[in-house]
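Below: one structure, written as structure tokens.
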Amino acid sequence: MRERGVTAVPRPVIALLAATLVAQITWQAARPAPVARAEALGSPYPTAVTRVLTGDEVIAAAQLAALYLQAFDNQPGVSVPFRDLDYVRVEQWLTSMLELDPRGQYPLMMASQLYAQVPVAAKQRAMLDFVHRRFLEDPDRRWRWLAHAVITARHRLHDLKLALRYAEDIAHHARGAPGWARQIRIFILEDLGERESASILLGGLLAEGEVTDPQEIRFLTERLEALKAAEISSSSTAK
Amino acid sequence: MRLAATIARYTLLEAVRTRLPLLVVSAILLLVSASLFAQQLAIAEGTRFQIGLYAAGARLGAVFIAGLYVLASMAREFDDKGLDVMLALDLPRAHYLLGKLAGYLAIGMLLAAAAALPLAFAAPWSAALQWAISLGLELSVVIAFALFCIVSLGHLTVAASLMAGFYLLGRSLAAVRLMSANPIAGGDTLAHQVMHWTAEGLALLMPAFDEWTRTAWVVDAPADWTHIAVLAGHGALYVMLLAAAAMFDFYRKDF
């Protein structure tokens, strides 16, 4: 359809359009910017309902849910909202995302890297426990997040026993994990003062030929020798 | 303006004759049945489930029906050359468009009232009333936007797509702004800055539908009446803006 020039439009119409446009922009500009409120985080829809609502677009639904959850806490002064978040709800959201998209890594990344960093031990433990439980469902794909959990348990919670339990589960269940991840338990044992157990494990690893990378073999051999030297010196001191 | 009132009355009559009321009643009955089914399935909070699902479904359904009805009705008007006949009369284009808009807005209000009727039996009446008023305002904006789209673009498919995009963006823009304002990583990149300012720019031009017709009003606690008054003010302003934009494009068409 052909169009006429702007001159064909009556002036009152142009004036009304300009006035209402300015009023709309002023109105919206005067409104406060949306603020994320940690306490306002609601429960996610049940997985079946989400499937229906999204026309079974489960991966997109899980991704949108991840971004939605993220929007509740990624505001300035991040540690305060994290602390205020209801972690039962957070876990419900993360569970829902994993149910929708079991191959997705984002929820476990959020649990281990974001929500487990909050300076509240109980909340940290809840997130580590969540990562551990979900790791056991699919160890070969999710081991890296439990490895992060080991580090958090070791360095933030200072709970070596918990770190050791997670590290042992990586070694026992995640056959597809690289050597370094499966060897974390050795260093935790060392930290626990159980040098003998650590050196037995390390010696076993080297003897069984599980480690094939020459650099890694050299590093682990040096580590084994250091452990043995420490054992000898501690036993001579005891005598 | 008497002619505009006549056009509005005939627009309402057209809705009755094209069986729009039957469609609305059927949709409401279907949603009520679905919500009752959900109530039976729920182990706890059955009534909350029922009201929540009905309110969310009725809101979306009403927007869908109202928007598509306006688009289809205006497209038929163009195709049947009814518009050409009207323009041949001594009738300013603005009066024709305002008459059509008034008729569609009346349909929107009736649709909102019908959708809220089941809620009046299940939720507190004040909450159901607030929900109905807010839905009426929301439908008014959607109707005005649909009218603007079909007048400006002329094509049903393009206009329907634009209308759906407008509504979905209006519902999610606050979340988009929150996400873009405080990224966890990559906030300094040019792409992110462009996205952020685009979202902020859109927020100036669009209504924030996430604050309208909230299900929480009927399942948890009613809204503040001041909030409803603010929505009414903003709704009226936005309908005027869209009507002016539609008139601007309508006057430029060379029929």
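As you go down the protein sequences, you meet chains A and B in turn.
In case it helps, the working numbering puts the first sequence at residues 442 to 680.
In case it helps, the working numbering puts the second sequence at residues 2 to 256.
Backbone N, C-alpha and C define an ideal beta-carbon position, used for all residues, glycine too.
Candidates Asp542/A, Gln511/A and Tyr509/A: closest to aspartate 497/A by CA position: Asp542/A
Cβ contact (3+ pairs, closer than 8 angstroms) linking the stretch 228–248 of chain B and the stretch 134–144 of chain B: With a cut-off of 8 angstroms, the stretch 134–144 of chain B and the stretch 228–248 of chain B count as touching, because enough Cβ pairs lie within range.
C-alpha distance - alanine 557/A paired with leucine 243/B, whole-angstrom precision: 48 angstroms
Status (buried if at least 16 other CB within 10 Å, exposed otherwise) for tryptophan 226/B: exposed
Rounded separation between phenylalanine 210/B and arginine 452/A - CA only: Taking the straight line joining both Cα atoms gives about 31 angstroms.
Which of helix, strand or coil DSSP assigns to lysine 254/B: strand
C-beta neighbour in chain A for tyrosine 97/B, strict 8 angstroms: no
For alanine 176/B, the nearest candidate out of Leu510/A, Ile455/A and Ala459/A (CA to CA): Leu510/A
According to DSSP, residues forming a beta bridge with glutamate 444/A: Lys254/B
Spatial distance of serine 162/B from methionine 2/B (CA atoms): 33 angstroms
Simplified DSSP state of alanine 124/B, which is helix, strand or coil: coil
Where the alpha helix (DSSP H) containing serine 34/B begins and where it ends: 21–42
Through-space distance from glycine 100/B to alanine 246/B, alpha-carbon basis: 15 angstroms
Burial state of arginine 94/B, where buried means 16 or more other Cβ atoms lie within 10 Å: buried
Beta-carbon contacts of valine 25/B that lie in its chain and below 7 angstroms, excluding the five residues immediately before and after: Only Ile66, Leu112 and Ala115 meet the Cβ criterion.
CB contact below 8 angstroms: arginine 10/B versus chain A: no
The alpha helix (DSSP H) enclosing tyrosine 607/A, as first and last residue numbers: 601–614
Closer than 8 angstroms at the beta carbon, the chain B residues around glutamine 465/A: In chain order: Leu205, Leu206, Leu238, Tyr239 and Leu242.
Collapsed DSSP secondary structure at valine 561/A in the structure displayed: coil
Glutamine 681/A, enclosing alpha helix (DSSP H) - first and last residue: Only positions 442 to 680 of chain A appear in this structure, which leaves residue 681/A out of reach.
Helix, strand or coil at methionine 110/B [DSSP, three-state]: helix
With 16 other Cβ atoms within 10 Å as the buried cut-off, status of aspartate 610/A: buried
CB contact flag (leucine 98/B, phenylalanine 251/B, <8 angstroms): yes
Neighbour flag for alanine 474/A against chain B, beta carbons, 8 angstroms: yes
Helix, strand or coil at glutamine 624/A [DSSP, three-state]: coil
Positions along the stretch 170–184 of chain B whose CB lies within less than 8 angstroms of some CB in chain A: Ala175, Ala176, Arg178, Leu179, Met180, Ala182, Asn183 and Pro184
Residues near alanine 5/B by beta carbon distance below 8 angstroms, same chain, minus five either side: His96, Tyr97, Leu99, Gly100 and Ala103
Inter-residue Cα distance where the pair is arginine 472/A and alanine 129/B: 26 angstroms
Any chain A beta carbon closer than 8 angstroms to phenylalanine 249/B: At least one chain A Cβ lies under 8 angstroms of phenylalanine 249/B.
Spatially closest choice to tyrosine 105/B from Leu37/B, Leu69/B, Leu31/B and Gly202/B, by CA coordinates: Leu69/B
Where the alpha helix (DSSP H) through glutamate 685/A begins and ends: The displayed coordinates of chain A run from 442 to 680. Any statement about residue 685/A would go beyond what the structure contains.
From Ile8/B, Val219/B and Thr7/B, residue whose alpha carbon lies closest to that of leucine 120/B: Val219/B
Reference valine 64/B; option with closest CA among Ala89/B, Phe146/B, Ala39/B and Trp198/B: Phe146/B
Closer than 8 angstroms at the beta carbon, the chain B residues around alanine 506/A: The premise fails here: alanine 506/A is roughly 11 angstroms from chain B at the closest Cβ pair, so nothing lies under 8 angstroms.
Cβ pair leucine 583/A, leucine 549/A closer than 8 angstroms: According to the sequence displayed, residue 583/A carries arginine and not leucine. Yes, these two residues count as a Cβ contact at 8 angstroms.
Test item: CB-CB of arginine 524/A and valine 561/A under 8 angstroms: yes
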